[in-house]
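So the structure is just underneath, and the comments pick up after that.
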Amino acid sequence: MYKIPSRPLMWSYLLLLLLSGPAVAQLPLPQPPFMPQNASAGAITSPGGSVPNPQWSSLLGNLLYFYEAQRSGKLPATNRVAWRNDSALSDGQDVHLDLTGGYYDAGDYIKCTFPLSFTLMSICWGATDFGKGYDLANQTPYLDDMLRWGLNWLMKAHPTDNTLFVQVADGDTDNAYWGGDQTIPGPRPSYQINGTSPGTDAAAGAAAAFAACSNLYQNRVFSNSYSGPATLQNSTYASLLLQHAQQLYTFATSAPGTEYQDSVPQAGEAYASSGYGDELAIAAL
Ligand SMILES: *[C@@H]1O[C@H](CO)[C@@H](O)[C@H](O)[C@H]1NC(C)=O
Ligand SMILES: *[C@@H]1O[C@H](CO)[C@@H](O)[C@H](O)[C@H]1NC(C)=O
Ligand SMILES: *[C@@H]1O[C@H](CO)[C@@H](O)[C@H](O)[C@H]1NC(C)=O
Ligand SMILES: *[C@@H]1O[C@H](CO)[C@@H](O)[C@H](O)[C@H]1NC(C)=O
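Here you go:
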């Protein structure tokens, strides 16, 4: 049990606390102080319904710009991120495929299919339900650009019905490197799931991404859609995405239920799956 200190002892504690103040002095705070953006500016209704609220527009633009900074591969002439360079141009050579492009996973240089699939699925779903926001903010061309950069890579990572590359580059090698995009260490192995080493979760997750994005590109609206899809429709692209979705869904459901890190332990180090039920459910929608 805690024993209440006697009164003189308490005073000496207090004195000690006061005296120790300067020893734990913190860094001086900036002057003028950093202040979060004026929140009430975000609550102002977009005037007339055709002019978006500038604060939300710029937030949406920032979000898409973030993905542009994460790009891997040969960057297009339209690249807006001046400090990024072409990188990882040999990805896939170990399996005689072109696996360049796509997005780096975080502040490092591995490319991970499982979290990428979830990202693309969520963004496509959001842009189907709340697409008008992208249109009004004049961000729909960037949305299209962002999605295609990910989806085009995901299609490369799914070269045959029952093969899906789930990671490029080894996490340990990569985590040991703190540097720019011009001296990324190799080798960068390509890890796959396939008929003999399946992964229900990763296959279903990618199927869900392709399906949700196919819906968006096909203008297939949910019955309870809030504002309708962003206007980037292209039925050729939608059909291509749907093909990949269907093949991956068949791959996911035909093999016995497995978690992909059982087939590819290296991928499980960063993004192990807790089960495949959720991906399967969302892919089936
Ligand atoms: C916050 O922004 C709104 C819209 O620009 C403006 O009307 C309001 O006066 C601002 N409030 C403060 C405290 O700056
Ligand atoms: C891109 O290349 C430039 C010029 O070599 C370099 O200064 C910059 O740091 C590179 N960017 C990254 C992210 O490494
Ligand atoms: C199937 O995937 C496993 C696990 O990634 C891999 O070891 C094996 O080589 C692959 N099979 C083929 C035919 O590539
Ligand atoms: C539609 O998408 C396909 C496949 O990416 C592309 O080749 C074509 O140029 C696009 N069409 C339009 C009108 O953008």
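Numbering (mature numbering (1 follows the signal peptide of the UniProt record, and there is no 0)) for the sequence shown: -25 to -1, 1 to 260.
Cβ atoms here follow ideal geometry from the backbone N, Cα and C, with glycine treated the same way.
As the structure is a prediction and not an experimental result, all values here were calculated from the model.
Of all the options the options, which has the alpha carbon lying nearest to the alpha carbon of residue i?
{"i": "T175", "options": "A18, A151, F105, S248", "result": "S248"}
{"i": "S165", "options": "Q45, R59, A63", "result": "A63"}
{"i": "M96", "options": "Y235, K131, N54, G125", "result": "G125"}
{"i": "G82", "options": "Q167, Q45, R195", "result": "Q45"}
{"i": "D80", "options": "D69, S92, L207", "result": "S92"}
{"i": "G146", "options": "Q241, G106, L38, G48", "result": "Q241"}
Note down the Cα distance separating residue i from residue j, rounded to an integer number of angstroms.
{"i": "D136", "j": "G180", "result": "15 angstroms"}
{"i": "A184", "j": "F41", "result": "19 angstroms"}
{"i": "M214", "j": "P7", "result": "Contrary to the premise, residue 214 reads as Ser rather than Met in this sequence. Distance between the alpha carbons of S214 and P7 is about 54 angstroms."}
{"i": "Q218", "j": "Q1", "result": "58 angstroms"}
{"i": "A52", "j": "D156", "result": "18 angstroms"}
{"i": "Y84", "j": "M130", "result": "20 angstroms"}
{"i": "N113", "j": "S202", "result": "15 angstroms"}
{"i": "D237", "j": "N190", "result": "31 angstroms"}
{"i": "G77", "j": "T88", "result": "9 angstroms"}
{"i": "Q221", "j": "D149", "result": "33 angstroms"}
{"i": "Y251", "j": "G101", "result": "22 angstroms"}
Nearer than 6 angstroms: is that true of the beta carbon of residue i relative to any heavy atom of ligand 2?
{"i": "W153", "result": "no"}
Any heavy atom of ligand 4 inside 6 angstroms of the beta-carbon of residue i?
{"i": "N209", "result": "yes"}
Taking the beta strand (DSSP E) that residue i belongs to, which residues open and close that run?
{"i": "Q142", "result": "139 to 143"}
{"i": "residue 261", "result": "The shown model of the chain, from -25 to 260, leaves out residue 261, and the question about it has no answer."}
My understanding is that residue i touches residue j, with C-beta atoms under 8 angstroms, so please give their C-beta distance in whole angstroms.
{"i": "I159", "j": "L122", "result": "The Cβ separation is near 25 angstroms, so there is no contact."}
{"i": "T115", "j": "A205", "result": "5 angstroms"}
{"i": "D69", "j": "G48", "result": "Not quite, the Cβ-Cβ distance comes to about 16 angstroms (not below 8 angstroms), so this is no contact."}
{"i": "L207", "j": "L118", "result": "6 angstroms"}
Got a sec, what are the start and stop residues for the alpha helix (DSSP H) residue i sits in?
{"i": "G180", "result": "175 to 193"}
{"i": "L226", "result": "For clarity, residue 226 is Phe in the given sequence; the question names Leu instead. Where F226 is concerned, the enclosing alpha helix (DSSP H) stretches over 210 to 229."}
{"i": "E43", "result": "29 to 44"}
{"i": "D83", "result": "From DSSP, D83 is part of no alpha helix (DSSP H); its letter is neither H nor E."}
{"i": "residue 261", "result": "Residue numbering for the chain in the displayed model covers -25 to 260; residue 261 lies beyond these limits and cannot be assessed."}
Below 7 angstroms from a heavy atom of ligand 5 - residues by beta-carbon: Summarising the ligand content, the structure contains ligand 1, ligand 2, ligand 3 and ligand 4 and does not contain ligand 5.
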